[in-house]
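Trainee: Numbering-wise (full-length UniProt numbering), the sequence shown opens with residue 1 and increments by one.
Just so it is clear, CB atoms sit at the ideal spot from N, CA and C, and this is done for glycine as well.
Bear in mind that the values here come from a model prediction, so they are computed numbers and not experimental data.
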Amino acid sequence: MPLSEHEQRLFEQIERSLAEDPKFASAVRASDPRFHTRRRLLVAAGVIIAGLALLVYGAVIKTPPLAVAGFVVMLASAAYAVQSHRRAQSPDLHVVGGTTSRRRTRGRSGRRSSFIDRMEDRWRQRPEGHR
Numbered sequence: 001m002p003l004s005e006h007e008q009r010l011f012e013q014i015e016r017s018l019a020e021d022p023k024f025a026s027a028v029r030a031s032d033p034r035f036h037t038r039r040r041l042l043v044a045a046g047v048i049i050a051g052l053a054l055l056v057y058g059a060v061i062k063t064p065p066l067a068v069a070g071f072v073v074m075l076a077s078a079a080y081a082v083q084s085h086r087r088a089q090s091p092d093l094h095v096v097g098g099t100t101s102r103r104r105t106r107g108r109s110g111r112r113s114s115f116i117d118r119m120e121d122r123w124r125q126r127p128e129g130h131r
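(1) Where does the unbroken alpha helix (DSSP H) through residue 8 begin, and where does it stop?
(2) Taking the beta carbon of residue 18 as the centre, do at least 16 other beta carbons fall within 10 Å, making it buried, or is it exposed?
(3) Please determine if the stretch 45-54 and the stretch 71-80 are in contact, where contact requires at least 3 C-beta pairs separated by less than 8 Å.
(4) Roughly how many angstroms lie between the CA atoms of residue 50 and residue 58, to the nearest whole one?
(5) Would you identify the three-state DSSP class for residue 23, choosing helix, strand or coil?
(6) For residue 53, does the count of other Cβ atoms within 10 angstroms reach 16, so buried, or fall short, so exposed?
(7) Locate the alpha helix (DSSP H) running through residue 84, then write down its first and last residues.
(8) CA-CA distance, residue 35 and residue 23?
(9) Can you tell me the Cα-Cα spacing of residue 125 and residue 116, whole angstroms?
(10) By the three-class DSSP mapping on this structure, what secondary structure does residue 61 have?
(11) Tell me whether residue 61 counts as near the ligand ATP, meaning its Cβ is closer than 7 Å to at least one heavy atom of that ligand.
(12) Buried or exposed for residue 3, please, with buried defined as at least 16 other CB atoms from any protein chain shown within 10 angstroms of its CB.
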């Protein structure tokens with residue numbers, strides 16, 4: 001439903017007043033889950049580059065444990081980046097009162113759903129025509 005002219009003017013006035021308050025803008029930005037995800041991805045990218053440098057340095061000075069450590073650092077950082085990205089894509093990520101929270105899916109026994117539980121749920125929820 002589109003806004004009326006009066007509502008549109010009020011909305012624009014509120015938007016202008018909020019844009020002029022830098023303290024409010026930084027508070028909103030700090031509570032935004034996308035801001036935290038972007039920061040985590042940038043940190044992970046920096047650590048991947050540091051791990052690559054460690055790997056190359058270990059290979060150049062012919063110290064295999066140092067090169068392996070660089071590879072492990074790169075691998076762990078890449079896993080962290082993928083996990084952060086997946087968490088950001090989750091539809092149940094939301095902001096409540098300035099804090100980020102995740103609703104967890106619980107299985108039958110109160111624990112997180114296992115792969116089998118999710119597959120069984122999908123099987124039960126499939127359309128009737130595909131049986």
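Mentor: To lay it out plainly:
(1) Counted from its first residue, the sequence shown places residue 8 at position 8. 5-19 is the extent of the alpha helix (DSSP H) around residue 8.
(2) Against the sequence shown, residue 18 aligns to sequence position 18. Exposed, by the Cβ-count rule.
(3) Yes, they touch.
(4) Taking the first residue of the sequence shown as position 1, residue 50 is located at position 50. Taking the first residue of the sequence shown as position 1, residue 58 is located at position 58. Across the structure, residue 50 and residue 58 are spaced so that their CA atoms are roughly 12 Å apart.
(5) Here residue 23 refers to the residue found at position 23 of the sequence shown. DSSP places residue 23 in helix when its eight states are reduced to three.
(6) Numbered from its first residue, the sequence shown carries residue 53 at position 53. With fewer than 16 Cβ atoms within 10 Å of its Cβ, residue 53 is classed as exposed.
(7) For the purposes of this step, residue 84 is taken as residue 84 along the sequence shown, with counting starting at 1. Unbroken alpha helix (DSSP H) run through residue 84: 64-89.
(8) The residue you call residue 35 lines up with position 35 of the sequence shown. The residue you call residue 23 lines up with position 23 of the sequence shown. If you take the alpha carbons of residue 35 and residue 23, they lie about 16 Å apart.
(9) Walking along the sequence shown from the start, residue 125 turns up at place 125. Walking along the sequence shown from the start, residue 116 turns up at place 116. Those two C-alpha atoms are separated by around 14 Å.
(10) Translated into the one-based positions of the sequence shown, residue 61 becomes position 61. Here residue 61 sits in coil by DSSP.
(11) This structure lacks the ligand ATP; in fact it carries no ligand of any kind.
(12) As a position in the sequence shown, residue 3 is number 3, starting the count at 1. Classification of residue 3: exposed, given that the 10 Å Cβ count is below 16.
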